[in-house]
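Here the structure comes first, spelled out in structure tokens, and everything after it is commentary.
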Amino acid sequence: MNPAIAVLELLNEAGHEASTLHYVGSDRGVEVGLIATTPFPSTLLRVRGFRRSLSPRGILHNLGMVPVMAKANRSARTLLETLKPRVVVSVGGYASVPICRAARRLGIPVVTCSYDRTPGLATREQSRYAEVSAVAYGDSTLRGPTDGHARV
Numbered sequence: 059m060n061p062a063i064a065v066l067e068l069l070n071e072a073g074h075e076a077s078t079l080h081y082v083g084s085d086r087g088v089e090v091g092l093i094a095t096t097p098f099p100s101t102l103l104r105v106r107g108f109r110r111s112l113s114p115r116g117i118l119h120n121l122g123m124v125p126v127m128a129k130a131n132r133s134a135r136t137l138l139e140t141l142k143p144r145v146v147v148s149v150g151g152y153a154s155v156p157i158c159r160a161a162r163r164l165g166i167p168v169v170t171c172s173y174d175r176t177p178g179l180a181t182r183e184q185s186r187y188a189e190v191s192a193v194a195y196g197d198s199t200l201r202g203p204t205d206g207h208a209r210v
């Protein structure tokens, strides 16, 4: 199960209409097929992960990613300006970066959800400006506001 889809399903079960929830993710990967089988509207952005290698191949890949991510950032901002959400919920991953950055710039609260004991780079970055960071493990290394209880 994709964590983002699980969050959408829980929100839907809690009384939020499926049409008022919106999935944003990568145009690649298993989630493309999964989200198509749900009642939730979705936007798939062309995003790719950066390589953490200083090899010539890694550097070339990352240089090629700059215009791709710039376009994804613009698309994310346009989407949020159109949808006007009250909150953006992120489960991390490189596909979450453009939408969370756009939310931050537009003053839309961000909630991060980390289901890993050691959160990934995107989740760690987003937790710095998130209103709330929900963690699955009490000893998670995620920084940011994680105290208290959350209620859907």
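Under this note's numbering, the first residue of the sequence shown is numbered 59, with each subsequent residue one higher.
For every residue, glycine included, the Cβ atom is placed at its ideal position computed from N, Cα and C.
Three-state secondary structure (DSSP) of Tyr152: helix
C-beta contact flag for Ser172 and Ser133 at 8 Å: no
Spatial neighbours of Val147 in its chain, beta-carbon cut-off 7 Å, leaving aside the 5 residues before and after: Val65, Val169 and Cys171
Cβ-Cβ distance between Pro97 and Ala76 below 8 Å: yes
Pairwise C-alpha distance: Pro114 and Val149: 31 Å
DSSP state of Val105 mapped onto helix, strand, coil: coil
Short Cβ contact (8 Å threshold) for Val90 with Leu102: Val90 is a Cβ neighbour of Leu102, given a cutoff of 8 Å.
Alpha carbon of Leu200 to alpha carbon of Val155, nearest angstrom: When rounded, the distance between both Cα atoms is 17 Å.
Beta-ladder partner(s) of Cys171, from DSSP: For Cys171, which the question treats as bridged, DSSP gives the partners Ala192.
Proximity to Leu137 [Cα-Cα], best of Ala188, Cys158 and Ser111: Cys158
Beta-carbon proximity check, Ala153 vs Ser100, cutoff 8 Å: No.
Whole-angstrom C-beta distance between Tyr195 and Arg163, which should lie under 8 Å: Rounded, the Cβ-Cβ distance is 30 Å, inconsistent with contact.
Same chain, Cβ closer than 6 Å to Arg5, neighbours up to 5 away in sequence not counted: With the chain covering 59 to 210 only, the question about residue 5 has no answer from this structure.
Straight-line Cα distance separating Arg104 from Pro125: 11 Å
Continuous beta strand (DSSP E) stretch holding Gly83: start and end: First-last of the beta strand (DSSP E) with Gly83: Tyr81 to Ser84.
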